[in-house]
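Asker: In order, the protein sequence lines correspond to chains A and B. According to the UniProt record's numbering, the stretch in the first sequence is residues 1 to 646, in order. According to the UniProt record's numbering, the stretch in the second sequence is residues 1 to 564, in order. Note that CB positions come from ideal geometry on N, CA and C, so glycine has one too. One structure, as structure tokens, below. Some questions next.
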Amino acid sequence: MTDQPADHTTDRATDQMADHTGGSGRSSEPGGPARELLPTATPAETRAAVRDLLRPHRGLAAAGFAVMVGATAVGLATQPLLGRIVDLVAERHPAGALTLPVALLGIVAVAQGVTTALGLSLVSRLGETVLARLRERFVDRALRLPLERVEKAGSGDLTARVTADVSQVAEAVRTALPELARSLLSIVLTLVALAVLDWRFLVAALLAVPVQAHTARWYVRNAVPLYARQRVAAGAQQQQLLDTIGGAATVRAFRLEAEHIDRVTLRSWSAVELTMRGVRLVLRFYSRLHVAEYTGLAAVLIAGFVLVRDGFASIGTATAAALYFHGLFGPINSALVLIDDAQSAGASLARLVGVTAAPAEGHGPGRATDHLDEHGQEDTGARSAGDAAVTVSGLGHAYEPDRPVLHDVDLVLRTGERVALVGASGAGKTTLAKLVAGVHRPATGSVRLAVASDDGRPVALVTQEVHVFAGPLADDLRLARPDATDDDLREALARVNALDWAEALPDGIRTVVGEGGRRLTPTQVQRIALARLILADPPVAVLDEATAEAGSTGARALESAAGRAIEGRTALVVAHRLTQAATADRVVVMDAGRIVEIGAHDELRAAGGRYAALWEAWSDTRARHLPGPSRPANHDPQHTTNPQST
Amino acid sequence: MGGSGPSGRDVLRQAIKGQRRDVALGSLLGAGHQAGEALVPVLIGVVIDQAVAGGDATSLLVWLAVLAVVYVGLSFSFRFGARAGERAAEQAAHILRVRLVTRVVDPRGGAEDGRLPGALTSIATEDAKRVGTVAMAVMFGFSALMGLLVGAVVLLRISIPLGLVVLVGTPVLLLAGHLLSKPLERRSEAEQERTAHASGVAADLVTGLRVLKGIGAESAAVARYRRTSRDSLVATLRAARAEAVQNGLVLTLTGVFIAVVALVGGRLAVEGDISLGQLVSAVGLALFLLGPLEVFSWVNTDFAQARASATRIAGVLAAPPGVEPGGARLPERLRGALRLRGVGHGSLRGIDLDVAPGEVLGVAATDPADATALLRCLSRQADPDTGVIELDGVPLRDLDPADVRTAMLVAEHDADLFEGTLRGNVAAAASDPEAVLAAMAAAGADEVALAVPRGGDTAVSERGRSLSGGQRQRVALARALAADRPVLVVHDPTTAVDAVTEARIAAGVRDLRRGRTTILVTTSPALLAVADRVALLDGGRIADTGPHADLVERHAAYRTAVLS
């Protein structure tokens with residue numbers, strides 16, 4: 001554990017260093033993934049963001065504060081009234097004299113209850129409204145972050161912020177902050193009340209303050225780094241559990257049960273150990289607070305003794321002072337303990353503000369490349385087939401510095417053309433597809449689109465990575481086109497052959513699907529992705545291995561659905577199965593990050609280059625023994641019947 | 001864990017019993033702490049009475065010293081008592097977590113049926129923690145009881161009527177508070193669910209971020225979240241108002257109760273039945289006793305939550321196993337002969353198939369469901385409904401599933417990679433480092449290692465998501481080959497691999513598995529072409545067997561499944 005004070009600027013500096021140098025600021029864990037977490041706001045930025053959020057609710061904030069002050073002040077009348085009763089007894093008044101202070105106690109109780117209820121409800125209205133605005137702003141910015149940035153941070157970072165951090169801040173707003181406010185008010189007003197009884201009571205009570213202040217500082221200094229480590233350990237435990245439980249079938253198949261149980265035990269136990277260190281720290285903190293309590297209480301009792309002896313105060317006043325101080329234990333303890341919650345809520349808030357205050361993207365959502373609207377002036381409807389829809393020039397890219405995956409790529413996609421990208425795994429197909437789709441910002445060169453971008457997003461990307469959004473199926477589809485009618489949705493589903501099973505769901509297209517709803521098969525999910533593409537209706541579509549996981553029979557069906565989904569669009573298709581290449585207008589062959597061949601399927605096959613070799617490898621295994629008639633129409637008999645092609 | 005595992009009650013009892021030393025220590029010290037806290041207001045009264053009212057300095061010093069001793073005692077008992085309690089809670093949760101994972105990965109399977117990985121993980125973290133908390137709850141409950149007893153004894157010794165007023169009044173007060181807030185609580189629960197829903201929607205949208213970006217649906221998604229967030233805000237505000245009213249109500253009731261105590265105590269003091277100091281102590285104790293009684297109510301809530309969590313945990317621990325182990329043993333030296341007779345399961349309708357030792361057999365299924373059903377039976381995730389599968393003449397049903405898998409590896413199509421390095425993943429089940437290199441070369445995973453930043457030492461994160469689909473498949477296949485099992489069954493290992501690499505992998509697998517039984521369940525012609533023989537699985541039956549080339553000529557169904 002370091003002795004460094006809690007300092008958010010250190011995190012910040014590391015982040016910035018990572019931005020500048022790429023590698024050096026990253027995870028130093030041996031073999032660990034190169035992670036570059038999303039930014040965390042500095043305390044100053046966080047404060048500014050909170051001020052900004054509070055500004056529209058100044059009136060509410062002032063009213064809430066005023067009512068809470070009133071409520072606390074009313075409550076503090078209790079101890080002097082009890083003191084008055086002690087005095088009445090000490091002065092041997094008749095029992096009837098007690099009626100008035102007792103009745104006043106009752107009135108105080110009612111008044112305190114009513115004002116507290118009002119005050120708390122004002123404070124929570126303020127907190128909840130501000131919180132709702134914060135989380136909405138966060139989700140807004142989070143969804144608009146460049147995908148590249150999110151991937152660099154690991155998808156867990158954003159998910160953790162949107163779940164754990166938001167709920168941590170919400171929890172603080174709901175419980176810790178009102179409690180803290182009440183405690184602080186009680187403390188301040190009780191001290192004022194002690195001074196009103198006699199200033200010397202206040203001086204006595206304040207003797208406890210140095211011990212408390214020192215304790216709080218000591219605690220925060222030690223707790224912050226410890227909690228950071230606890231969070232890391234809890235994250236590692238969670239990840240290991242997901243790994244082992246999610247992969248249980250694989251664990252069993254490879255007989256890795258013992259190893260995985262060991263891994264879980266290790267991770268879980270290190271989380272337990274760190275928690276226990278935190279517990280020991282908190283308990284030492286309480287011990288020190290007990291010292292402060294005793295110091296203050298003894299001092300107040302001694303002050304009472306001296307003041308009563310010298311005739312400056314009545315016994316009732318001394319009693320009230322002692323009761324005041326005893327009544328301070330609760331608020332002081334909760335205020336100091338809540339520092340803890342406030343601290344972690346503060347850290348969570350800084351992570352949220354770090355995202356909401358991140359610089360926005362220059363152009364349309366999710367788009368990292370420049371949209372140069374060269375032909376944008378023309379009437380889009382008049383643009384004839386053959387005009388350049390996408391122009392890629394001098395494009396280069398590297399995920400890791402010094403490991404370029406794409407070099408100097410030039411490519412023109414003509415309007416309405418269907419181009420297939422072909423090449424071995426790792427040739428750079430996916431990278432090129434992502435750059436064209438605007439997911440990544442190119443390291444060198446540019447991607448220019450000649451399509452008007454005012455009508456939604458000009459390029460859509462459908463990848464293998466699919467997701468069904470939790471909720472009714474219709475709502476999922478409407479994400480692609482919010483104003484779509486049910487008929488539009490049905491039509492899109494019909495185009496990808498998904499209407500039949502969608503209608504057969506228990507509530508048709510209103511059936512709740514996704515997490516917590518009905519589970520869909522991978523093929524159904526893939527079809528939904530294609531239906532979304534139809535609804536989004538972009539002029540340019542990029543498809544990346546969208547059919548690879550469906551198995552052979554399923555792949556064919558999905559391929560024809562995909563074909564219908566990209567009808568009428570300029571399409572770049574990463575062809576995993578060469579049948580996708582054979583039906584494309586042009587084929588682009590990539591190898592080691594470069595384009596090595598471009599041309600129509602037949603041209604390239606005739607040219608006898610790399611594509612011809614690929615096609616042979618493909619058709620050889622498939623068609624060597626295939627009698628003529630059942631061959632697909634575009635297979636060249638000369639090739640397919642030639643057995644010595646390898 | 002037999003067929004019928006523990007009940008929720010057993011889980012709860014074991015969690016406490018397993019930590020009985022810490023729970024006992026914590027309860028004892030916690031009781032000491034509560035007794036100390038109860039004595040503080042009593043001592044304040046004594047100081048007022050003996051020292052302040054009488055002006056006796058010696059008595060002041062004596063009683064302050066007593067107060068100091070009480071403080072030292074209560075402080076230490078709290079510190080070490082709470083530490084023991086927390087330790088018990090954490091350890092109980094840890095033990096449950098490990099037990100749960102042990103059950104989930106148990107060779108007999110069955111624990112994850114009908115449960116999503118996320119839900120199981122949450123049971124292993126959140127529910128285990130809640131059950132662990134019971135250890136703390138027991139300790140706090142016992143301590144609070146102790147505090148209550150000390151308070152009661154002192155009060156009754158001061159004055160029986162006043163003591164009775166306080167002892168009857170405090171529970172009545174708390175009960176009234178709870179009764180009044182009950183309807184509010186129920187409402188707030190429903191509203192909390194709405195809030196949780198909003199958080200779920202946000203997480204779901206972020207999970208689908210790539211999809212949203214792909215179709216440019218960010219704005220639509222933001223608009224949807226804003227609606228959910230607003231709905232949840234309305235609900236939360238209602239709940240918060242209810243809670244504020246409840247707080248105010250409790251404050252009022254407490255204040256009225258103190259007024260009643262002051263009235264009764266004051267009258268008794270006026271009549272000389274109790275001293276001034278005793279009046280002060282009584283008022284202080286009345287306030288103090290609310291604490292322990294509050295503890296009882298949250299201990300109750302903790303127990304209710306823990307019971308629900310324990311039931312969920314017991315549900316996993318007692319999940320019926322997918323298959324039951326038999327008592328038979330496999331021969332020491334395995335030949336690797338498989339014999340299927342009349343196997344029916346799922347969509348399978350009586351499969352008869354013989355695989356000779358050392359044979360490379362292709363299985364091409366026209367319906368993916370048939371392939372899945374066959375693989376489930378071969379890996380003993382399920383036993384066939386009819387018929388029998390024999391390995392070297394021993395029915396799989398009579399074997400321990402763990403033994404089956406040691407002899408025969410069924411590498412599933414969607415096999416997960418684990419956290420660790422690329423090479424570490426391949427070597428996971430390998431006994432021989434040589435085998436790892438050979439397997440990586442055969443599966444084309446050596447090329448994957450060349451393509452990633454740190455070669456074989458590159459970390460694989462998020463269950464292999466950091467690799468592309470084709471890379472992931474090649475690493476998974478290399479792992480299956482490196483395990484070097486007498487019998488290997490692989491399912492669609494190259495669906496995301498390009499044609500050239502696939503052909504090379506087919507040859508590599510063929511070479512590496514020479515002389516050992518290997519079954520390739522796939523519709524890839526590249527793989528089927530290297531098999532000695534291919535079985536066509538059509539309509540839940542073996543329709544034909546023969547070399548790939550022959551089947552291509554003989555069967556239209558085979559051509560449709562495999563070619564085009």
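1. Between Val280/B and chain A, is there a C-beta pair that is closer than 8 Å?
2. Just verifying my parser: in three-state terms, what is the DSSP assignment at Arg513/B?
3. By the 8 Å beta-carbon criterion, what residues does the segment 299-314 of chain A contribute toward chain B?
4. In chain order, what residues of the segment 53-72 of chain B put their CB closer than 8 Å to some CB of chain A?
5. Three-state secondary structure (DSSP) at Arg13/B?
6. Assuming Leu180/B and Leu249/B are in contact, meaning their beta carbons sit under 8 Å apart, how far apart are those beta carbons, in whole angstroms?
7. What are the boundary residues of the beta strand (DSSP E) that Leu391/B is part of?
8. Go ahead and label Gly83/A buried or exposed: buried means 16 or more other beta carbons lie within 10 angstroms of its beta carbon, across all protein chains shown.
9. Starting from Ser309/B, trace the alpha helix (DSSP H) both ways and give me its first and last residue.
10. For the beta strand (DSSP E) containing Ala388/A, name the first residue and the last one.
11. Helix, strand or coil for Val222/B? Go by DSSP, reduced to three states.
12. Can you grab the Cα-Cα spacing for the pair Phe201/A / Val206/B, in whole Å?
13. Could you spell out where the beta strand (DSSP E) holding Ile595/A opens and where it closes?
14. Report yes or no: is there a C-beta of chain B within less than 8 Å of the C-beta of Gln212/A?
15. Measuring only the C-alpha atoms, how far is Ala303/A from Glu37/B?
16. Restricting to Cα atoms, I'd like to know which of Ala441/B, Gly540/B, Pro547/B is closest to Glu502/B.
17. Listed in chain order, which residues of the segment 136-169 of chain B have Cβ atoms closer than 9 Å to some Cβ of chain A?
18. Could you say if the segment 328-335 of chain B and the segment 396-411 of chain B meet the contact criterion of at least three C-beta pairs nearer than 8 Å?
19. Would Asp22/B count as contacting chain A if we go by Cβ distances under 8 Å?
20. Flag Pro292/B as yes if its beta-carbon sits less than 8 Å from any beta-carbon of chain A, otherwise no.
21. Is any beta-carbon of chain B found at less than 8 Å from that of Leu197/A?
22. Select from Glu434/B, Leu512/B, Arg115/B, Gly342/B the residue whose C-alpha is nearest the C-alpha of Glu359/B.
23. Name the DSSP bridge partner or partners of His491/B?
24. Bridge partners of Ile351/B, per DSSP?
25. Scan the segment 247-271 of chain A for residues whose Cβ lies nearer than 7 Å to a Cβ of chain B and list them as they occur along the chain.
26. Excluding sequence positions up to five away, which residues of its chain have a Cβ less than 7 Å from the Cβ of Ala249/A?
27. Rounded to whole angstroms, what's the CA-CA distance from Asp537/A to Thr386/B? Just pull it up for me.
28. Comparing the C-beta of His326/A with each C-beta of chain B, is any distance below 8 Å?
29. Quick one: give me the first and last residue of the alpha helix (DSSP H) that Gly304/A is part of.
30. Anything in chain A within Cβ reach of His94/B, meaning under 7 Å, just list it in chain order.
31. DSSP three-state call for Pro453/B: helix, strand or coil?
32. In angstroms, rounded to a whole number, what distance separates the CA positions of Val69/A and Leu184/A?
33. How about Thr125/B: is its C-beta nearer than 8 Å to some C-beta of chain A?
34. So, with DSSP's three-state summary, where would you put Pro161/B?
35. Who are Thr444/A's beta bridge partners in DSSP?
36. Anything in the segment 69-97 of chain A with a Cβ closer than 9 Å to a Cβ of chain B? List those residues in chain order, please.
Answerer: Reading from the atomic positions:
1. yes
2. coil
3. Answer set for the segment 299-314 of chain A: Leu301, Ile302, Gly304, Phe305, Val308, Arg309.
4. Ala53, Gly55, Ala57, Leu60, Leu64, Leu67, Ala68, Tyr71
5. helix
6. 6 Å
7. 386-391
8. buried
9. 276-317
10. Where Ala388/A is concerned, the enclosing beta strand (DSSP E) stretches over 388-400.
11. helix
12. Taking the straight line from one Cα to the other gives about 57 Å.
13. 594-599
14. no
15. C-alpha separation (whole angstroms): 22 Å.
16. Ala441/B
17. none
18. yes
19. no
20. no
21. Closer than 8 Å: no.
22. Leu512/B
23. Val521/B
24. Looking at the DSSP assignment, Ile351/B forms a beta bridge with Val343/B.
25. Gly247, Ala248, Ala249, Thr250, Val251, Arg252, Ala253, Phe254, Arg255, Leu256, Glu257, His260, Ile261, Val264, Thr265, Ser268, Trp269
26. none
27. 51 Å
28. yes
29. From DSSP, the alpha helix (DSSP H) with Gly304/A extends over 257-309.
30. Ser268, Trp269, Val272
31. coil
32. 10 Å
33. yes
34. helix
35. Gly396/A
36. Ala71, Gly75, Thr78, Leu81, Leu82, Ile85, Val86, Leu88, Val89, Ala90, Arg92, His93, Pro94, Ala95, Ala97
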